[in-house]
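Participant:
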């Protein structure tokens, strides 16, 4: 289930790029997803699969579905509004009506904490 | 001997079924249809093996994703009969007080698409798996009529008295049966 | 030209005001006008005043136990979907997209995450709310458009001991009030075992070219036809004619719902050639007496039939349940299920499954003679002169009795038209929108 989590991004030295703390590694179990909202950019979905964490845009590229409220099937997430699917690892759209790929984001794990590097 | 022949891109696998057997099985199905069309259901009963299983499941409309997960076993079916149940149906059908059989229905059964794919060595008797399609046109009274299509998968075995139907699995082409009853043998 | 097209050319005489409607049903003399089985305008009024107002049977809870499970059915001619929501509650949703009207569900049953219209991709959640649509961005620019206003239309839902009912009349009284004391009778089948009931998997659907009221009134009270219509089936299943039940027999009715029965305990269930179900009913009689009392125990498998107004019928004993869905004044869709106790052993459930199939289903030896009677009782009324003749529903008038235990309106003798008259009294009350339920 999605967990709305507003965080204040910590500015780092690089222009317009932020590092955001999302959660602790042990906070989510495999097959779970969460939503993180920001003031200046669209929300992000965080997924935990068997082998780790992955982050994509939360908003389905087809309509306005929240993918963190979708259904994880293997390595894919199915949008809860229409049955469009995306590969969680690559963001690639898998089937109609999902035709445009999702943006994916790099995560860093340090001291059991998961950080997201994003542009705002 | 299993042989494969190629004909205009299609390949045929013929597995120990001779032309004589194939013809005999086809004629068995035609004879069955004629007995039923000519108001002789008791003679049709004689063509059944004592362990007959006559099965026609209902055909619910299911999404493709559901079809693989759904079994018709142990659900309400149109027919799921043994010999005793079929005998009772025929008893009713020929009884003088079977009002909806009098005047008799007029039927024509067309049996087509007969394929004998293999001989099944399931027991002491020789038996064959036979696929066919059947179209039954039934007319009643002045203008009451149905045309119903189905596919059949049969197990026909050779007993001392001749060929006998041991199993029939019927796939009806209708979801909602567009007829007030289905007291016809497929 | 098909039968259902002919009525458009039939002259329509008087308007359908209450005086005209009352003239169709003469309960004092037991006479009923044939037009109620033929006339298109009357039928349209039935859809409005009966099917859009009554509590209608939808499904058994056991058919949709898991989140996202659904079955498709209809209420009158309105297609609906019964769906188990994410909160575990059953909702009954109109199977018509509010955008352009297309169906949003084409399967008879299944499990789904959402219902998506094939036309413009409007997507609805299991509770009917609008989740989103194709090209949703354009709707954000649509002034005044709010997704929360455009979900699937919902019916009001209530259950009684596993049976799910719904009504489109948001002002309708409770289901308990609608069923009234008929619940006491329904418990004969729904509550004779502490584990409750379930439908055996699957259903059988067929169409008959008959007005829906003919089979419904038949199940409400027509014990009379069994000895004649079903003689051939009785010979096949019992080796003898339908026997006249010994002892007391009754018609009981409440609010237009009817149950006719003998107190022989096993008369209906005995028509299964396999005795497993019969032995099961007999073996449980002592236990059922403690739960329901002696009289109702004798009803469990007895020669009997029943109808919940307007169109939900069943045969105790055979345990076959069905709805008669109206599809025009001359066509009815019949959907059949089989009910069993959840705690019944597997071999007993199997006996009921096979028993229902061979007796009362589209291939049933009993049922196949009913369809013709009802079809011809309907289509003969295409004749103008025929249609002027009244039908006799006067059997059993004046046979009302007081009974110390039986609830509702009780009359003696199952060979009677009492329940049929009660059925049409309720029909008339709803059609004229007059009077109280009785």
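Chains as they are written, first to last, in the numbering used here: chain R, 286 to 405; chain W, 2 to 187; chain F, 36 to 473. Ideal Cβ placement from N, Cα and C applies to all residues, glycine included. This structure is a prediction, so every number in the text was calculated from the model and none was measured.
1. Give me the Cα-Cα distance between residue 288(R) and residue 401(R), rounded to the nearest whole angstrom.
2. Using a 10 Å radius around the Cβ and a threshold of 16 neighbouring Cβ atoms, would you call residue 331(F) buried or exposed?
3. Is there a Cβ of chain F sitting closer than 8 Å to that of residue 356(R), yes or no?
4. Please name the residues in the region 147-162 of chain F whose beta-carbon is closer than 9 Å to at least one beta-carbon of chain R, in chain order.
5. How many Å lie between residue 313(R) and residue 369(R) at the Cα?
6. For a contact defined as C-beta to C-beta under 7 Å, what are the partners of residue 385(F) on chain R?
7. At what residues does the beta strand (DSSP E) containing residue 191(F) begin and finish?
8. Less than 8 Å between the beta carbons of residue 332(R) and residue 318(R), yes or no?
9. Which class does residue 170(W) belong to by DSSP, given the choice of helix, strand or coil?
10. Name, please, each residue of chain F whose Cβ falls closer than 9 Å to the Cβ of residue 146(W).
11. Would you kindly work out how many angstroms separate the C-alpha atoms of residue 384(R) and residue 386(F), rounded to a whole number?
12. Between which residues of its own chain and residue 214(F) is the CB-CB distance below 8 Å, once the five residues before and five after are set aside?
13. Can you confirm whether residue 67(W), when its beta carbon is compared against all beta carbons of chain F, has any partner nearer than 8 Å?
14. Check this for me: beta carbons of residue 441(F) and residue 224(F), under 8 Å apart or not?
15. Is it the case that the Cβ atoms of residue 367(R) and residue 139(F) are separated by a distance below 8 Å?
16. By how many angstroms is the C-alpha of residue 345(R) removed from the C-alpha of residue 39(F)?
17. Is residue 233(F) helix, strand or coil when you go by DSSP?
18. I'd like the span of the alpha helix (DSSP H) that includes residue 65(W), first residue to last.
19. In chain order, what residues of the same chain have a beta carbon less than 6 Å from the beta carbon of residue 42(F), not counting five sequence neighbours either side?
20. Nearest CA to the CA of residue 389(R): which residue from 396(R), 404(R), 395(R) and 381(R)?
21. Strictly below 9 Å CB to CB, what residues from chain F border residue 96(W)?
22. Near residue 132(W), what residues of its chain come up, given a Cβ to Cβ distance below 6 Å and the 5 sequence neighbours on each side ignored?
23. Can a CB atom of chain R be found closer than 8 Å to the CB of residue 334(F)?
24. Given a cut-off of 8 Å, decide if residue 201(F) and residue 99(F) are closer than it, judged by their beta-carbon atoms.
25. Name, in chain order, the residues that DSSP records as bridge partners for residue 58(W).
26. Run through the DSSP bridge pairs and tell me what residue 120(W) is partnered with.
27. With distances taken between CB atoms, is the gap from residue 365(R) to residue 343(R) smaller than 8 Å?
28. Rounded to the nearest angstrom, what separates residue 34(W) and residue 74(W) at their Cα positions?
29. Quick check on the DSSP output: the beta strand (DSSP E) that includes residue 340(F) runs from which residue to which?
30. Mind checking who residue 360(F) pairs with in its DSSP beta bridge?
31. Determine whether the beta carbon atoms of residue 110(W) and residue 149(W) lie at a separation below 8 Å.
32. Closer than 8 Å by beta-carbon distance: list the chain W residues that pair up with residue 243(F), in chain order.
33. Contact criterion: CB-CB distance below 8 Å. Does residue 81(W) meet it with respect to chain F?
34. Between residue 128(F) and chain R, is the shortest Cβ-Cβ distance under 8 Å, so that the two count as touching?
35. Looking at the unbroken beta strand (DSSP E) that takes in residue 338(R), where does it start and where does it end?
36. What are the boundary residues of the beta strand (DSSP E) that residue 403(F) is part of?
Facilitator: Reading from the atomic positions:
1. Interpretation of residue 288(R) is limited by its pLDDT of 38, a score under 50 that renders its predicted location unreliable; the figure taken from the coordinates is listed afterwards. Residue 288(R) and residue 401(R) have their C-alpha atoms some 16 Å from each other.
2. Buried.
3. Chain F contact via Cβ: present.
4. Of all residues in the region 147-162 of chain F, 148, 149, 151, 156, 158 and 160 have a Cβ within less than 9 Å of some Cβ in chain R.
5. Distance between the alpha carbons of residue 313(R) and residue 369(R): 24 Å.
6. Those do not exist, as residue 385(F) stays about 36 Å from chain R at its closest Cβ, beyond 7 Å.
7. 191-195 is the extent of the beta strand (DSSP E) around residue 191(F).
8. Against a cut-off of 8 Å, the Cβ pair of residue 318(R) and residue 332(R) comes out as a contact.
9. The three-state secondary structure of residue 170(W), taken from DSSP, is strand.
10. By Cβ distance, chain F contributes nothing, its closest Cβ being about 12 Å from residue 146(W), past 9 Å.
11. C-alpha separation (whole angstroms): 52 Å.
12. So the qualifying residues of the chain are 90, 195, 221, 289, 290, 292 and 343.
13. So yes, residue 67(W) belongs to the interface.
14. No, Cβ-Cβ distance for residue 441(F) and residue 224(F) is not below 8 Å.
15. By the CB criterion at 8 Å, residue 367(R) and residue 139(F) fall outside the cutoff.
16. Low confidence applies here, because residue 39(F) scores a pLDDT of 44, under 50, leaving its location unreliable; read the following figure in that light. Distance between the alpha carbons of residue 39(F) and residue 345(R): 49 Å.
17. If DSSP states are grouped into helix, strand and coil, residue 233(F) belongs with the strands.
18. It spans 65-68 - the alpha helix (DSSP H) in which residue 65(W) sits, taken as one unbroken run.
19. Here residue 42(F) scores only 41 on pLDDT, less than 50, and its place in the model should not be relied on; the value that follows carries that caveat. Counting only Cβ-Cβ distances below 6 Å, and skipping sequence neighbours, we find 75.
20. From the listed residues 396(R), 404(R), 395(R) and 381(R), the smallest Cα separation to residue 389(R) is found for 404(R).
21. 266, 267, 268, 270 and 271, listed in chain order.
22. The residues are 116 and 154.
23. No, its Cβ sits nowhere closer than 8 Å to a Cβ of chain R.
24. Against a cut-off of 8 Å, the Cβ pair of residue 201(F) and residue 99(F) comes out as no contact.
25. Bridge pairing for residue 58(W): 78(W) [DSSP].
26. Answer by DSSP bridge pairing, in chain order: 129(W).
27. Annotated as distal: residue 365(R) and residue 343(R), with beta-carbon spacing of 8 Å or more.
28. Distance between the alpha carbons of residue 34(W) and residue 74(W) is about 28 Å.
29. First-last of the beta strand (DSSP E) with residue 340(F): 339-343.
30. By DSSP's assignment, residue 360(F) forms a beta bridge with 368(F).
31. In this structure, residue 149(W) does not lie closer than 8 Å to residue 110(W) by Cβ.
32. Neighbours of residue 243(F) in chain W, taken as residues at a C-beta separation under 8 Å, are given in chain order as 181.
33. Contacts with chain F at 8 Å (Cβ-Cβ) include residue 81(W).
34. Not one chain R Cβ lies under 8 Å of residue 128(F).
35. Per DSSP, the continuous beta strand (DSSP E) segment holding residue 338(R) begins and ends at 337-342.
36. Here residue 403(F) belongs to no beta strand (DSSP E); instead the alpha helix (DSSP H) covers 402-414.
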